[in-house]
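In the UniProt record's numbering, the protein residues as written are 1 to 280. All C-beta atoms in this analysis are idealised placements derived from N, C-alpha and C, irrespective of residue type, glycine included.
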């Protein structure tokens, strides 16, 4: 909405006067702190001179969806930036995740996610962190939606070997990944250890793509503190999209489900890792 206002060469004050809003209301809408009703959005798009029917319909649908999404109730436990991340994830047509440390959150079992959360806080989760976990698991409703996004994931093989939560939890997580390999809108690739050094060792990233014309791809990088750095600038999203395609080409994509199932079966017999070598 900020880009549409700027394209119309209007200041925030001018728009607020025309809409008979307080300036703070427009500021909160543009920053993503509050949603916007369908009627207000129609009027705002008219002020901005946005007439493209496909774009208008898409934005109106996003406005309707934003009022249905449960994430607004988690504003007291998540940052504004992360709420925006969740909203974009829910409205994207394609979600692309590259992870070299852990299973993407959209694919995690609750026990796997809980083990990571407990590790980050150093013990049992308090009420706030329980709600954060609840919100994370609700994100997976996207996988069950009739018109949910295409989900493309590329994982470093290390993600499949790191026993988060212990053998039982990891075995269940691997079986969940194997199950999702049969999902019609989920594609999973694995970068094998044998590849050695490859583009992507620098860190995980997420890309969202949208159907609507005029809505640029969004790039998210998660820093060590769990905070997201985002960008919609083509100069930044473009190279990461090219990197993702390169990672897809480098990854094992055929029979990943079967391979992960076999790995899950081997966990009970002892993992092929340094700990196993030390025991020999």
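Please work out which residues of its chain come closer than 7 Å, Cβ to Cβ, to residue i, disregarding the five sequence neighbours upstream and downstream, and give them in chain order.
i, result
"residue 50", "4, 56"
"residue 252", "189, 190, 192"
"residue 110", "137"
"residue 183", "143"
"residue 169", "111, 112, 115"
On the DSSP bridge assignment, give the partners of residue i in chain order.
i, result
"residue 152", "96, 187"
"residue 206", "97, 220"
"residue 231", "219"
Three-state secondary structure (DSSP) at residue i?
i, result
"residue 220", "strand"
"residue 17", "helix"
"residue 2", "helix"
"residue 138", "helix"
"residue 252", "strand"
"residue 280", "The predicted position of residue 280 is uncertain, since its pLDDT is 49 and thus under 50; a value taken from the coordinates is nonetheless stated next. If DSSP states are grouped into helix, strand and coil, residue 280 belongs with coil."
"residue 266", "helix"
"residue 260", "helix"
"residue 8", "coil"
"residue 109", "coil"
"residue 57", "helix"
"residue 173", "helix"
"residue 78", "coil"
"residue 162", "coil"
With distance defined between alpha-carbon atoms, name the residue in the options nearest to residue i.
i, options, result
"residue 176", "208, 99, 258, 121", "258"
"residue 245", "152, 234, 169", "152"
"residue 94", "148, 41, 196", "148"
"residue 108", "172, 45, 182, 96", "172"
"residue 194", "250, 232, 113", "250"
"residue 217", "202, 229, 200, 236", "236"
"residue 247", "230, 187, 211, 231", "187"
"residue 38", "134, 58, 7, 121", "58"
Leaving aside the five residues before and after residue i along the sequence, list all residues of the same chain whose C-beta is less than 6 Å from its C-beta, in chain order.
i, result
"residue 260", "174, 177, 178"
Ignore the nearest five residues each way along the sequence and tell me which others in residue i's own chain have a CB closer than 8 Å to its CB.
i, result
"residue 99", "153, 154, 155, 156, 159, 204"
"residue 43", "19"
"residue 133", "110, 113, 114, 117, 125"
Counting beta carbon pairs with one atom in the stretch 117 to 133 and one in the stretch 238 to 249, are three or more of them shorter than 8 Å? no
Please determine if the stretch 84 to 93 and the stretch 137 to 149 are in contact, where contact requires at least 3 C-beta pairs separated by less than 8 Å. yes
Between the stretch 157 to 165 and the stretch 124 to 132, do at least 3 Cβ pairs fall closer than 8 Å? no
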